[in-house]
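Visitor:
In the working numbering, the protein residues as written are 879 to 1097.
(1) Going by C-alpha to C-alpha distance, which of 935, 1059, 917 sits closest to residue 1080?
(2) Report the CB separation of residue 982 from residue 961 in whole angstroms; it is logged as a contact under 8 Å.
(3) Consult DSSP for residue 925 and reduce its assignment to one of helix, strand or coil.
(4) Taking residue 948 and residue 990 to be in contact with their CB atoms under 8 Å, please state how far apart those CB atoms are, rounded to whole angstroms.
(5) DSSP three-state label for residue 1025, please.
(6) Could you give the first and the last residue of the continuous alpha helix (DSSP H) run that contains residue 1049?
(7) Please classify residue 1045 as buried or exposed, where buried requires at least 16 neighbouring CB atoms within 10 angstroms.
(8) Roughly how many whole angstroms lie between the Cα atoms of residue 924 and residue 957?
(9) Only counting the same chain, and skipping five residues up and downstream in sequence, which positions put a Cβ closer than 8 Å to that of residue 936?
(10) Secondary structure at residue 956, three-state DSSP: helix, strand or coil?
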């Protein structure tokens, strides 16, 4: 691998920043599709210049994501390195039909899950859904989310600190949705779960975050 893989320690950034105004939807969609197809062609050819560019473009986001789901800098660094090795080895599997970052996060997530399964003692803060056998009836999605009801009264530091207090499986969906700005369908691909499961985890995550921000104990 010619690329020099380095880790960028995440600095303080707004978790739910004000999104930039989107351009025309059709044009944006076309540009994203063309970029994804270009990446797919480059990965199939194992283009080293493309890999360098991808690492430069996505290294911060990937490392930040791994930090959130592992909660450990050293582990995140190991998974960061291994993820890019997998990208190089399995680049031919990316077909350009989805966002590259969604495919990238899926690789990273699978590495973390495989590592968790090999542990002798299962951590309490894993990516296992604690209520997967108890489907949640979602509230009206048109109503303000629990997060939006309290976010305006909380500081960025409080949000970041509260994220660390909720289960990893909920923290992950909040990061993917509101920080990485993936759509529900894209999140389902990363997590390898149905759309209904994504929505359930997202809603529970918002409730858990609200509880943590208000000083409660995350469930």
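The beta-carbon is built from N, C-alpha and C at its ideal position, and this holds for glycine as well.
Guide: Taking the geometry as given:
(1) The option with the nearest alpha carbon to residue 1080 is 1059.
(2) At roughly 7 Å, the Cβ-Cβ gap stays under 8 Å, so residue 982 and residue 961 are in contact.
(3) Three-state DSSP puts residue 925 in coil, outside helix and strand.
(4) Rounded, the Cβ-Cβ distance is 6 Å, consistent with contact.
(5) For residue 1025, the predicted structure reports a pLDDT of 49, less than 50, and the residue's modelled location is therefore unreliable. The matter cannot be settled from this model.
(6) First-last of the alpha helix (DSSP H) with residue 1049: 1046-1052.
(7) By the 10 Å Cβ count, residue 1045 comes out buried.
(8) C-alpha separation (whole angstroms): 21 Å.
(9) Non-local C-beta neighbours of residue 936 in its own chain, meaning closer than 8 Å and more than five positions away in sequence, comprise 978, 979, 982, ordered along the chain.
(10) Note: residue 956 maps to helix in three-state DSSP.
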